[in-house]
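Here is the structure we will look at, set down as structure tokens.
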Ligand code: FUC
């Protein structure tokens, strides 16, 4: 292993510990300073824990996650379980109270519409404000008991190591994206220490390992470790020593009696004692190589797609004492080495599908490869310049902010979004929330909820295009969890068929508006339809027809029906969204562009889904008459789509946000929802609607290139869809420079994960787009990335795509039609037509699963120059 002494820290560039080998570019986030050993931070004040927010490193298995602070004397690890929520039907208010959240307001719609016809927007707005809110408050103090609830911490564990932290050197706290493991290593008084942390999806446990020694073959710590669980103060928790080296914490939240359990098993120990103050003393077996702590956590929450509205326990159905016992028992029998191997295999199977290399000639690794920089004793500055990952991430980021070029940091940011997706969204639990999985307090920003007017949707943009379809499953389940209650909401407010949701949701199927009369954010009937578009997206990438038939179609069709019923047939002949808004500013409108954009998308998706299933004869039917009902629905969707209020261009040449031309060019609001049709939708584009695309550009110029993290992430995607690579790159640069914390978490502020996912999706959009029915290669390549390779991206239509470019132009694209995601359930067509576009050139060719097609520019034209089977 090659060791470089950089900035007082030892930087391993070897193959041990899951790090990449010399010559490859490691994907890692690391710091050379420990967090202070502070055990006084309150779980009530989520904003005060700056180290947690800026410098901790997250791990997770989709459900159970942690942040590693890497403090020396007393290690601090924050814990989260994704379903640990207050609120829901099991508060003291009971099920009736929980579900009684919708107002019966549909009968007000004619009055609002009449007021608009009378030119009386004030009355229209007043009626909407008073009647289109809901009954449940959004703040924990707004009602008793608090029923919307909040995602809440699982607590923290302190590990008192007894190490003197006054004299530490070669400290390193490193998250390897290549292996999904955090390593904390340092030396103190001639002794080396190493700790390793990972969260395993296949075995549903988290594993911590404590070693004394710098090498892989360590020895167990020579002094006892003392552990203490600092639990959620809004819960009752009991500790039981279930075996000499196994401890069980049983908890129950005060608000809704949700039960949870945390189980700790200590391997490689001589004995454990309970000490006063809740400390567990662990005496290592010094004849062994390490002390390993295996943790399992769970709650009594169960997902429910068909909740009984009278049942307070509709979401209760798991015994966490039992599930954690089973997991620990199994993990014990596997042991550390097998747990590690199984975790690594599972993680790499997903993560390694996509690689990205930007400007390799500038990234330093070529110069480093032969080791001459080290051998010739090059100065530290030379080394740092050539090997940017030898710098701690906070210093790299600072250098990037000052204009430093660092393509490997950009790649790392891209891959970090994929890492965070794998760590926070695996099948069997709820989707990634506002902070993914990692929330610090009893309560958090916006309840750390599911925000449906951009945030949860943005979280899932990269799951499809960056080849992580398995991670999409929690979003699908979340959407399913909203349908039954959303049907009640659709009826109550709009007298509509179908279902919808509103601005915020939780893990208990909440779909009503909240109680605030601030309609700028709280009027959000497009939440449901926007979510429904994700079902089609999943099909478009996966080509999983069984999914379309069995899961998606009815939900999507019901959403299209909701849109049809919600629309107002205006006397001018257009179907118009009234009342409507464009989040989260401006008036109540009679036809906000955002709403029409979403409806256009849902109707198109529903029609396309109908066509797919009608052709294969698999429309869901209980009896024969259902076929004609489906056909009638589809005819209505087509009719409404043809008569939907059109996009309008205003006096500045801008795509109008509102039904009238009131846009303010000074308005730099973070939301750009009226460009929904440009991105994530597909009804606006420079290719199909060039004039309207120009109008989108005007909007983005007005809005500017700053904003909150997620907003920069969105505008990056939108500039990419406008095929302006340099502008997209400058938005990406702004996101990384001004919307990113030292640990590369996106910040709103505070930490909010959507921008990470939006950033990863946006980089993908710069290199590959496929939303218009063809594979568009390098649609927005910036000058800053003249050379590069991306491998393993997915394109709609069921293709996997690699692209190589040099000198700013395409070298070759390799396109492989994939088997349908759930191939066993689908009839595989022998050939699919693949349409590829590069610049102004397009090429069609028949493509077969199992074959890879190489596309190049030959002369002035595109051609499939070679074909290989794989
Ligand atoms: C949306 C945004 C806010 C914030 C919140 C969680 O409402 O407008 O900026 O991101 O979600």
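Residue numbers (the numbering used here): 32 to 901. Cβ atoms here follow ideal geometry from the backbone N, Cα and C, with glycine treated the same way.
| message | Going by DSSP, what residue range makes up the beta strand (DSSP E) through residue 303? | response | 300-305
| request: Using only alpha-carbon positions, find the residue among 128, 651, 611 that is nearest to residue 143. | output: 611
| query | Just curious, the alpha helix (DSSP H) that residue 83 is in, first and last residue? | reply | 81-86
| Length of the line joining the Cα atoms of residue 533 and residue 165 | 10 Å
| said: Considering only their Cβ atoms, is the gap separating residue 92 from residue 449 smaller than 8 Å? | reply: no
| query | For ligand 1, is there a heavy atom less than 7 Å away from the beta-carbon of residue 616? | reply | no
| request: Inspect the CB distances between the region 815-826 and the region 494-509 and report whether three or more fall short of 8 Å. | output: yes
| said: Relative to the C-alpha of residue 451, which candidate in 163, 783, 869 has its C-alpha closest? | reply: 783
| C-alpha distance - residue 624 paired with residue 694, whole-angstrom precision | 12 Å
| task | Could you tell me whether any non-hydrogen atom of ligand 1 is closer than 7 Å to the CB of residue 465? | result | yes
| message | Does residue 61 pass the burial test, meaning 16 or more other C-beta atoms within 10 Å, or should it be called exposed? | response | buried
| task | State yes or no: is the C-beta of residue 685 nearer than 7 Å to some heavy atom of ligand 1? | result | no
| Once you ignore the five residues that flank residue 902 on each side, which residues in its own chain have a CB closer than 6 Å to its CB? | Lying outside 32 to 901, the shown extent of the chain, residue 902 is not represented and no answer is given.
| task | Output yes or no for whether 8 Å exceeds the beta carbon distance between residue 706 and residue 730. | result | yes
| query | Taking the beta strand (DSSP E) that residue 891 falls in, what are its first and last residues? | reply | Note, residue 891: premise wrong, no beta strand (DSSP E); not H, not E.
| Under the three-state DSSP convention, the category residue 704 falls into | helix
| message | Among the candidates 621, 211, 157, 82, whose CA atom is the shortest distance from the CA of residue 379? | response | 211
| message | Given the structure, does residue 701 come close to ligand 1, in the sense that its CB is under 7 Å from one of the ligand's heavy atoms? | response | yes
| Counting Cβ pairs, one atom from each stretch, are 3 or more of them under 8 Å apart for the region 88-107 and the region 234-241? | yes
| Range covered by the alpha helix (DSSP H) that runs through residue 430 | 424-432
| request: Could you tell me whether the region 340-353 touches the region 458-466, where touching means 3 or more Cβ pairs closer than 8 Å? | output: no
| message | Rounded to whole angstroms, what is the Cα-Cα separation between residue 856 and residue 574? | response | Any reading at residue 856 must be qualified, since the residue scores a pLDDT of 42, below 50, and its modelled position is unreliable; the value itself is stated next. Whole-angstrom Cα-Cα distance: 11 Å.
| field | Through-space distance from residue 723 to residue 134, alpha-carbon basis | value | 38 Å
| task | For residue 218, I'd like the list of residues in its chain whose CB is within less than 6 Å of its CB, leaving aside the five on either flank, ordered along the chain. | result | 200, 201
| field | Collapsed DSSP secondary structure at residue 329 in the structure displayed | value | strand
| Closer than 7 Å: is that where the CB of residue 485 sits relative to any heavy atom of ligand 1? | yes
| task | For my contact list, residue 182 and residue 478 are in at a C-beta cut-off of 8 Å; report their separation, rounded to the angstrom. | result | 6 Å
| task | State yes or no: is the beta carbon of residue 66 nearer than 8 Å to at least one beta carbon in chain C? | result | Chain labels in this structure do not include chain C; a single protein chain is all it has.
| Selection from 726, 746, 725, 741 that minimises the alpha carbon distance to residue 735 | 746
| message | Can you list, in chain order, the residues of its chain with a C-beta nearer than 7 Å to that of residue 757? Leave out the 5 residues immediately preceding and following it. | response | 813, 814
| query | If you draw a straight line from the alpha carbon of residue 592 to that of residue 528, how long is it in whole angstroms? | reply | 6 Å
| task | Enumerate in chain order the residues of its own chain whose CB-to-CB distance from residue 792 is below 8 Å, with the five nearest sequence positions on each side excluded. | result | 448, 489, 492, 493, 496, 497, 744, 748
| Any non-hydrogen atom of ligand 1 within 7 Å of residue 705 CB | no
| For residue 333, does the count of other Cβ atoms within 10 angstroms reach 16, so buried, or fall short, so exposed? | exposed
| task | Hey, could you find the ends of the alpha helix (DSSP H) residue 690 is sitting in? | result | Careful: residue 690 lies outside any alpha helix (DSSP H) and carries neither H nor E.
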